[in-house]
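If you use the UniProt record's numbering, the sequence shown closes out at 363, no skipped numbers anywhere.
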Amino acid sequence: MVADIQAQRKQKHLDAHALDEKEKILDIEVNVVLDTLMAKQTALEILSNLCYGDGGSEAADDSNESDEDSEEFEDVMDVEDASQVSPLNMPCEAHEAIVGNNVVCKVMNHVASVDAQVEAKLKELPVTAVIPKRLKAVQCRSLLCIANLVELLAPSDLGGLSGLTSTWTCLAQLAFLNKDAQDVELLEASTGACRSVLQGLLSAQALHPGASLSVPALPTVSEDELRMMGQVGAQCSEASVRINVARVMASLGCLLRESDPPTVLKRVGQYLLDLCLKDTDVSVVAEALDAVFDVFGEDSTDAVGREIELVPKLRQILPVFKAKINQSRKCLGSQYPIVMTAKTNLLRFIKYKSKTGAKNGKA
């Protein structure tokens with residue numbers, strides 16, 4: 001109808017009465033659409049609040065080390081053990097309703113972006129110009145809802161490894177392929193959802209030891225795709241997006257660190273170290289350092305660590321990080337404990353990795 005009205009307006013001898021009637025009908029239909037979108041947005045916000053919990057996406061990957069040195073590493077690092085994180089609580093009835101009614105899939109149906117041509121047409125008429133904004137609001141609420149649902153539900157409720165990988169693939173295309181560095185709201189929502197889904201994959205993998213070698217459902221990622229992810233983080237001015245990208249990269253590194261050749265692990269390590277050196281936001285650096293500890297905490301990563309000069313670069317990062325802390329100390333606020341813990345852990349991590357590096361062949 002929008003195209004029809006536009007065409008009639010261009011006619012030299014238009015029927016003004018007929019055009020007015022069509023515009024009235026369009027106005028009614030637009031109001032119905034807007035009311036429907038507002039109802040969806042409200043429902044998504046209620047669902048997000050229902051399953052919202054603190055710290056789910058912040059939980060560090062729990063690496064179960066068996067040897068004596070690894071146990072020492074766990075003892076000296078101030079990390080949050082994922083096995084000790086309390087699961088988010090939800091009434092059984094609500095959980096059954098979410099799983100039984102396939103709510104996750106229904107929410108995923110709303111995460112796609114509007115077709116560019118359709119959006120352009122809608123923006124041509126004042127009466128329909130507000131629809132794309134409302135659609136984007138629904139899209140962002142859907143992504144937030146997915147992030148919270150993934151934190152709430154067990155991997156089996158989300159389709160296990162294959163289901164989570166499929167969800168990741170869809171969200172990654174939205175976050176990293178159809179990207180606009182200026183659209184901070186969408187980037188924050190989409191990268192946050194990616195981060196939560198990959199954390200869910202790590203939890204699912206922990207339930208199936210050896211899955212990274214035997215299950216083809218785990219994500220595959222190329223060097224070009226890793227480069228695009230890095231560009232999204234580098235080009236965005238919002239710290240939360242850069243943190244999300246760092247956590248996404250770290251999760252991929254953890255999921256695929258047993259891959260041969262260890263291309264992903266190497267590129268992820270290089271990206272995180274570069275971020276630690278160059279990012280001006282001390283909270284981003286703290287999160288990136290924490291990601292480094294997660295990815296390279298296991299002794300099996302020492303060979304790649306030597307290849308990317310992990311310990312020398314961390315030694316280079318340490319004084320820079322301390323200087324950034326001193327400059328930002330008065331405005332850290334709630335980030336202060338996180339930043340100070342990262343500084344303490346950096347010192348301990350360098351000491352630990354220096355020892356294991358010498359043991360494994362580096363003087």
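Even glycine gets a Cβ: it sits at the ideal position worked out from N, Cα and C.
What is the residue span of the alpha helix (DSSP H) that residue i lies within?
i	result
Q235	E223 to Q235
D180	Premise fails: D180 is in no alpha helix (DSSP H) and is neither H nor E.
D294	V282 to F296
N326	L310 to S328
L275	T263 to K278
V130	Run containing V130: none; DSSP gives neither H nor E here.
G253	A239 to L255
Q302	The sequence as given places Asp at residue 302; Gln does not occur at that position. Taken as a continuous stretch (DSSP letters only), the alpha helix (DSSP H) holding D302 covers D302 to E307.
G160	G160 to A172
V114	No alpha helix (DSSP H) holds V114; DSSP gives it neither H nor E.
C331	It is not in any alpha helix (DSSP H) - C331 carries neither H nor E in the DSSP assignment.
H95	C92 to G100
Take residue i as the anchor and find which of the options has the nearest alpha-carbon.
i	options	result
S190	A137, L218, T280 and D157	A137
G230	S259, L273, P261 and G200	L273
L289	S196, R306, L187 and L310	L310
R242	K24, G200 and C276	C276
R349	Y271, A172, L44 and L314	The sequence given here has Phe at residue 349, not Arg. Measuring from the Cα of F349, the nearest candidate turns out to be L314.
T263	S203, E307, E298 and A234	E307
V304	C194, L187, S283 and G269	G269
I338	A286, K123 and E21	A286
P91	R134, V127 and L153	L153
S156	V99, L47 and R195	V99
Q41	K133, Q335, K330 and L346	K133
residue 372	S251, P261 and D260	The shown model of the chain, from 1 to 363, leaves out residue 372, and the question about it has no answer.
Q335	G297, K353, K278 and A239	A239
F321	I25, A291 and S283	S283
V33	G163, L122, R329 and L346	L122
L44	P219, A206, C140 and I317	C140
L187	F176, V130 and K355	F176
T280	F293, G297, D299 and C236	C236
A291	T36, I325, R247 and V111	R247
T356	L318, E298 and K343	E298
S354	N326, D224, F296 and P219	F296
V111	L135, V118 and D260	L135
L208	N101, L50, E124 and L255	In the sequence as presented, Leu is not what sits at residue 208; that position holds His. When only C-alpha atoms are compared, the closest one is L255.
L50	L318, E124 and C145	C145
G197	A172, A206, D180 and Q182	It should be pointed out that residue 197 corresponds to Val in this sequence rather than to Gly. It is A172 whose Cα lies nearest to the Cα of V197.
E225	S203, M249 and L218	M249
D222	G253, L202 and A193	First, the residue type needs correcting, since residue 222 is Ser and not Asp in the sequence shown. Of the listed residues, the one whose Cα sits closest to S222 is G253.
E96	L202, L158, E124 and V118	L158
S48	S142, W168 and D115	S142
A193	L37, D183, L164 and S259	L164
Q205	E23, S162 and K22	S162
L201	D183, T169 and T344	T169
V184	V30, V245 and L265	V245
At least 3 beta-carbon pairs within less than 8 Å: the region 144-153 vs the region 92-108: Touching, yes.
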